[in-house]
Structure formats: C-alpha cells, structure tokens
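Engineer: I am attaching a structure below and will ask some questions about it afterwards.
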Amino acid sequence: MDGTPAAPVGRPPREDTRAGWLLVAFQIFLFGVLGLELLRARDAVSPRGAAGLGGAIAGATAVGVASRRLGRELRAHPAPSPTAVLRVDGPYRLIRHPIYSGLLLLAGGLAVVSATVRAAAAFVALVAVLSLKARVEERLLAERFPEYRDYARRTPRFLPRLPRPGVRG
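Here it is in structure tokens:
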C-alpha cells in the first residue's frame, strides 16, 4: 500500500465488464435527467437554489481533486486498469470512493436547485447505482490487491468519520 504499481493483471471476466458498463450507462442517463430538470427549474435564483448550487460546486470540486489523484488510472468503468495502484492517500485516506461521494454531492445539489420530483427520483436512483458500482469495484479491488480488505475495514465507503469528542489523532 505504498503507492507502487502492482503487476499488470488481466481483464475482468466478461460479465463484470458488461455489468460495469451498464452501471456507467445508468449513471450517465441519471445525470442527463438531472441536467434536463435543471433546465426546467423555475426559481433557481433563491436561497434554496444557492444552497443547491453550493453543494453542486463542492461536489464538482471533490470529483476534480479525487480524479486528479488517480491521474491516468481514472476510468468510468469500476474495474481497475491493468496498471492500477491502490490509492490510500489524499482523499482516499478519508473515504474509499471520493469521486462517487463528490458525484452524489453534485447530483444532490442539482436536485435541490431543480426541486422537482423527477430530479429527486434521479438522485435517489443515482445513490443506488453508485452504491452498486462501488460494491462491484470493491470486489474487483479486493481480488487484485490483497491489502484492500484491511483498507476497507478501516476506511468508510462514502462519508468520512466524524472525529469523536475528546479524541485526538
């Protein structure tokens, strides 16, 4: 877990490849729904709209920071690339899926700005899709990196742990 690349590994089984791309397609579709609902928003210029915009900007920033940390290893598909390195530093020291967390914050912000039932439904569906995608990715990472299970035990999936009162470190 020192950031050195593991030896290249073959492609994931065909069914994992198909399932992964299906999850990516759903993810794109749901963001499309959110985008269309945003275009239809009537009172986006409001305190609610400002709060949603703030969440969307924070989410986009989180996605950018975590994506930059992955660099050339960034992929939409949940299977790690053949030259992937297990990232446990930067935002990955706080949560296992900072990109997915950022996407959810971004989508939640867009849903708040839109304030429609369709936008809320798309957000809830996106939570389900990214949760499933994270589980698929985690299974593949555990197969690829023996140390992943220990990392997963000590690091939350989407939300960082809050510090406990009176505990330092």
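Those letters in the sequence shown? Residues 20 to 188, by our numbering.
Built from N, CA and C at the ideal position, the CB exists for glycine as well.
Which runs of the beta strand (DSSP E), 3 residues or longer, sit entirely within the region 65-127?
Structural biologist: DSSP runs (the beta strand (DSSP E)) wholly in the region 65-127: none.
Engineer: By DSSP, does Thr36 sit in helix, in strand, or in coil?
Structural biologist: Thr36: helix per DSSP, three-state reduction.
Engineer: For a test of the three-state rule: what should DSSP assign to Gly54, helix, strand or coil?
Structural biologist: Helix.
Engineer: If I follow the unbroken alpha helix (DSSP H) through Arg158, where does it start and stop?
Structural biologist: Taken as a continuous stretch (DSSP letters only), the alpha helix (DSSP H) holding Arg158 covers 136-163.
Engineer: If you compare alpha carbons, which of Ser150, Pro165, Arg180 is closest to Pro97?
Structural biologist: Nearest of Ser150, Pro165, Arg180 to Pro97, Cα basis: Ser150.
Engineer: Tell me the DSSP secondary structure of Arg172 in three-state form.
Structural biologist: The answer is helix: DSSP assigns Arg172 an H, G or I state.
Engineer: When we look at the beta-carbon of Asp21 and count the other beta-carbons within 10 Å, is it buried (16 or more) or exposed?
Structural biologist: Since pLDDT at Asp21 reaches only 47, below the 50 mark, its modelled position is unreliable, and the value read off the structure follows with that caveat. Exposed is the call here.
Engineer: So Gln46 and Leu145 are supposed to be a Cβ contact under 8 Å. How far apart are they, rounded?
Structural biologist: That pair is a contact at about 7 Å.
Engineer: Using 8 Å as the threshold, is the C-beta distance between Ala95 and Val43 below it?
Structural biologist: Yes, these two residues count as a Cβ contact at 8 Å.
Engineer: Going by DSSP in three states, Leu45 sits in which element: helix, strand or coil?
Structural biologist: Strictly speaking, residue 45 in this sequence is Phe, with Leu absent from that position. Helix, per DSSP.
Engineer: Residues in its own chain within less than 7 Å of Ala63 by CB, not counting five upstream and five downstream?
Structural biologist: These residues qualify, in order along the chain: Val132.
Engineer: Hey, how far is the Cα of Arg106 from the Cα of Phe50?
Structural biologist: Using only the alpha carbons, I get a separation of about 26 Å.
Engineer: Run the proximity test for Thr135: is its beta-carbon closer than 7 Å to any non-hydrogen atom belonging to the ligand SAH?
Structural biologist: In terms of ligand content, the structure shown is empty, and the ligand SAH therefore cannot be addressed.
Engineer: Which residues in the same chain as Ala70 place their Cβ atom closer than 7 Å to its Cβ, once the five residues preceding and following it in sequence are excluded?
Structural biologist: Contacts found: Val131.
Engineer: Can you find the residues in the same chain that come closer than 8 Å, C-beta to C-beta, to Ala161, ignoring five residues on each side of it along the sequence?
Structural biologist: Taken in chain order, the residues that qualify are Tyr167, Arg168, Ala171.
Engineer: What's the call for Val143, buried or exposed, on a 16-neighbour Cβ count within 10 Å?
Structural biologist: Result: exposed.
Engineer: Do you know offhand how far Glu156's Cα is from Thr135's?
Structural biologist: For Glu156 and Thr135, the distance between alpha carbons rounds to 31 Å.
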